[in-house]
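Residue numbers (our numbering), protein chains in the order written: chain H, 1213 to 1458; chain B, 3 to 357.
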Amino acid sequence: MKVLIVDDEHLARNRLRRLVDGIGGYYVCGEAATGRSAIEQVDRLQPDVLLMDIRMPDMDGLEAARHLGTLDCPPAVIFTTAYADHALSAFETQAVDYLLKPIRQARLAAALAQSRRLTRAQVEAFDVGKQPLIRTHICVRERGNLQLVPVAEVRFFRAEHKYVTVHAAEGREVLIEESLKSLEEEFGDRFVRIHRSILVGQAFIAGLEKSPDARWQVRLSGIDETLEISRRHLAEVRHRIKRSTR
Amino acid sequence: MADIIQDPAHSGHGDRLFLPSFCAVRMVFAVVLVAQILSFILVLAPLQTGGERWRDLGVVSLFVQWVALSSAAVLCLVRPLLSRFSNVAAALISYLLLLLVTAVLSELAHYILYRDPTLAPPTGDHFSFLARNMGLSALISVVVLRYFYMQHQWAEQVRAESQARIQALQARIRPHFLFNSLNTIASLTATNPVQAEDAVEDLADLFRITMRDSGGRISLAREIEIAKRYLHIESLRLGDRLQIEWNLDAIPDVAVPALILQPLLENAVYHGVEPMPMGGRIRVCIAQRGKRLQMQVENPVPANRSSSHHRGNRVAHENIHERLRLAFGRAARLEIDDRGTTYCVSVHLPVEQSP
């Protein structure tokens, strides 16, 4: 069985690798240092099990597991953590296992043996049992692969028919099947609604200007297109800009 | 009377005597004030009306002040002796001393008043004058001593409570750090036993200081050494991701509360360096400016920091702030400067000579 080790600490990965090597029937197919890199590795290496740290830079283990849960055939996930805090208590009763560092080899062997029985349904159960979490990345499935777009790079979301277009760095555009409303709820402190169908990344707002026909528009840094502000959102947009520049 | 209340954080440690020092100027002032209030009460209390009250007030005030100040002087002088006894014995001795002072001064007053015809003789004969004064003194002394005893108990209790609070606050090295360090050591024992040994020694030093008597002061040089040991463990774990820049020309020879710098660094590592994929640089500046010591720790802020991170940071700072307040009162300050991309915490302390 193929095991992928995900931890931002080099020495922690070393130790896990040594422990896994000592258990028959498993081999380490790769290592990743962030949740984001883990998702890329899963795509490339198709591991059966992930041994994943929770606290990691860029994307933490909980979010990575949540994105992986959307795959058709998700790998099993065993979390490793130094200290069981409240984040873990939420799914203590779920199928997903977690191990406390420093991990005992016997405990690891037991967890790996159990992980064979994990099914997609169980991963989904874990997904449901978790507290609401603000993602750092938007996950897009393209031809069965997971593509990640950092939320911090998203210029704006535009709702079109049943899809939402994500406008990211360097003119990259991807389609997601989420509602603008749920995106606004999740990323409300970063994005501001300027129109019924548009959420704009506040960090990219370069200024407000008035068009020749007396409508207010938002100019975004690095984008030629200006976006129209509907009248009912104008006051809120102004308020948010004023608050952020103070 | 508020003057007498001492700040529990600053009262002498191990001073078990319930009596305050009567040698201090503020205390003498309080004695004069209370004696005067007592004089007013004594003059106003008699029920029969008479035009003599204002003249009586002068004589009574003179006498009461005389007794009060002499008593204060006697207690000031015998206080070093009293502190050798238990509180009960000390209370008994001071009570007898107060009575003695009253008796001697009453005799003296009686002698002067009867000799000088310009001052009206007090009502009653010699014996009733003495008995009245002794009776008043006996009652008032009980009340006063009782007051000081209560005051002392209260101050002791406050001191014990703040001690307990310091203890509770100090013992907070993040469990994350402990278990991660143990994991690092577990990993190193197989690959690099020498480094593992170093890490165990560093960890031992760090926990020894954490579990030590709380509220103690250590030299700044030692505090910096502890901080460096902590950072050494973290750098094993985080590798190149953790960079430290120390800005200190010469370490001033001063004392600081133990574990003030280390938690600031722990915070900077936890909230500033760990969440960054490429790591970051922590800047430490320590400088003495006149009678104040400034310690500053600056860390980068991750681009996508979450609100929970923010909250954790604040909790740690409140902890340090509280400890500074308990140790220095208002003389110490903790400042936070959130500049968006960097986060800077400064601690300003009054300088104390190294023990």
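From the three backbone atoms N, C-alpha and C, an ideal C-beta is built for every residue, glycine too. Computed from a predicted model, the values in this text were never measured in an experiment.
Please list the terminal residues of the continuous beta strand (DSSP E) segment that includes LEU1411/H. In this chain, the beta strand (DSSP E) harbouring LEU1411/H covers 1410-1413.
Amino acids of chain H, ordered along the chain, whose beta-carbon sits closer than 7 Å to that of ALA188/B: Chain H residues near ALA188/B: ARG1227, PRO1314.
With a 10 Å radius around its C-beta and 16 neighbouring C-beta atoms as the bar for buried, classify ARG341/B as buried or exposed. exposed
Counting only runs that start and end within the segment 1234-1265 of chain H, where is the beta strand (DSSP E) found for 3 or more residues in a row? 1239-1244, 1261-1265
Using only alpha-carbon positions, find the residue among PRO1259/H, ARG1402/H, MET1268/H, GLY1234/H that is nearest to ALA182/B. Note that residue 182/B is Asn in the sequence shown, not Ala. Ranked by Cα distance from ASN182/B, the first of PRO1259/H, ARG1402/H, MET1268/H, GLY1234/H is MET1268/H.
CB-CB under 7 Å to VAL103/B, same chain, minus the five flanking residues each way: which ones, in chain order? Setting aside the 5 residues that flank it on each side, VAL103/B is surrounded in the same chain by VAL69, SER72, SER73, VAL76, each with a C-beta closer than 7 Å to its C-beta; the list follows chain order.
Of all the CB atoms in chain H, is at least one closer than 8 Å to the CB of GLY342/B? False, the Cβ-Cβ gap to chain H never drops below 8 Å.
How is the beta strand (DSSP E) around ASN89/B delimited, first residue to last? Per DSSP, ASN89/B belongs to no beta strand (DSSP E); it is in the alpha helix (DSSP H), 89-117.
Roughly how many angstroms separate the alpha carbons of LEU101/B and PHE150/B, rounded to a whole number? 17 Å
Could you check if LYS1313/H is buried or exposed, using at least 16 other CB atoms within 10 Å of its CB as the buried criterion? buried
Assign CYS1351/H to one of two classes, buried (16 or more other C-beta atoms within 10 Å of its C-beta) or exposed (fewer than that). buried
Residues in the same chain with beta-carbon distance under 6 Å from TYR345/B, minus the five sequence neighbours each way, listed in chain order, please. ASN301, VAL303
For SER264/B and ARG316/B, I'd like the C-alpha separation in whole angstroms. According to the sequence provided, residue 264/B is Gln. The question's Ser does not apply to it. Near 16 Å, if we compare the C-alpha coordinates of ARG316/B and GLN264/B.
Span of the beta strand (DSSP E), counted from its first residue to its last, around SER221/B: 219-221
What are the uninterrupted segments assigned as beta strand (DSSP E) that are 3 or more residues long and contained completely in the segment 1372-1452 of chain H, given in chain order? You should have 1375-1379, 1385-1388, 1403-1407, 1410-1413, 1417-1422, 1428-1432, 1438-1440.
Give a yes or no on whether the C-beta atoms belonging to LEU1411/H and PHE1369/H are separated by under 8 Å. Yes. Within cutoff.
For SER63/B and LEU138/B, what's the separation of their Cα atoms in angstroms? SER63/B and LEU138/B: Cα-Cα distance of roughly 14 Å.
In this structure, does DSSP put SER348/B in helix, strand or coil? strand
Three-state secondary structure (DSSP) at ALA289/B? strand
Own chain partners of ILE284/B with C-beta closer than 6 Å, once the 5 adjacent residues on each side are dropped: ILE246, ALA270, ASN301
Excluding the 5 residues preceding and the 5 following CYS1241/H in the sequence, name in chain order all residues of the same chain whose CB lies nearer than 7 Å to its CB. LYS1214, VAL1215, LEU1216, LEU1257, PRO1259
Exposure label - SER96/B; buried when at least 16 CB within 10 Å: buried
How about SER108/B and ASN89/B: are their beta carbons less than 8 Å apart? no
So TYR1310/H contacts chain B; which residues on that side make the cut at Cβ distance below 8 Å? Neighbours of TYR1310/H on chain B: none; closest Cβ ~13 Å, over 8 Å.
If you draw a straight line from the C-alpha of SER1433/H to the C-alpha of ILE1235/H, how long is it? 54 Å
Does DSSP put ILE211/B in a helix, in a strand, or in coil? helix
Nearest candidate by alpha-carbon position, reference LEU261/B, set GLU199/B, LYS230/B, SER164/B: LYS230/B
When DSSP labels each residue in this structure, what does ASP1270/H get in the three-state scheme? Note: ASP1270/H maps to coil in three-state DSSP.
Exposed unless 16 or more other CB atoms sit within 10 angstroms - verdict on LYS1454/H: With fewer than 16 neighbouring CB atoms inside 10 Å of its own CB, LYS1454/H falls in the exposed class.
Measure the beta-carbon distance from HIS1349/H to LEU1360/H and round it to whole angstroms, keeping in mind my assumption that it falls under 8 Å. Their Cβ separation, rounded to whole angstroms, is 4 Å, which keeps HIS1349/H and LEU1360/H in contact under 8 Å.
Assuming contact is defined by CB atoms lying nearer than 8 Å, are VAL1254/H and LEU1280/H in contact in what I supplied? yes
When Cβ atoms are compared, which residues of the segment 180-206 of chain B fall closer than 7 Å to chain H? PHE181, ASN182, LEU184, ASN185, THR186, ALA188, SER189, LEU190, ALA192, THR193
Inspect the beta-carbon positions of SER1409/H and ALA1371/H and report whether they are closer than 8 Å. yes
Cβ-based neighbour list, ALA1294/H, same chain, cut-off 6 Å, excluding 5 preceding and 5 following: Spatial neighbours of ALA1294/H in its own chain (CB-CB distance under 6 Å, excluding positions within 5 residues in sequence) are listed in chain order as LYS1313.
Short CB-CB distance (under 8 Å) between THR1246/H and chain B: yes
Please report the distance separating the alpha-carbon of ALA257/B from that of SER221/B. 4 Å
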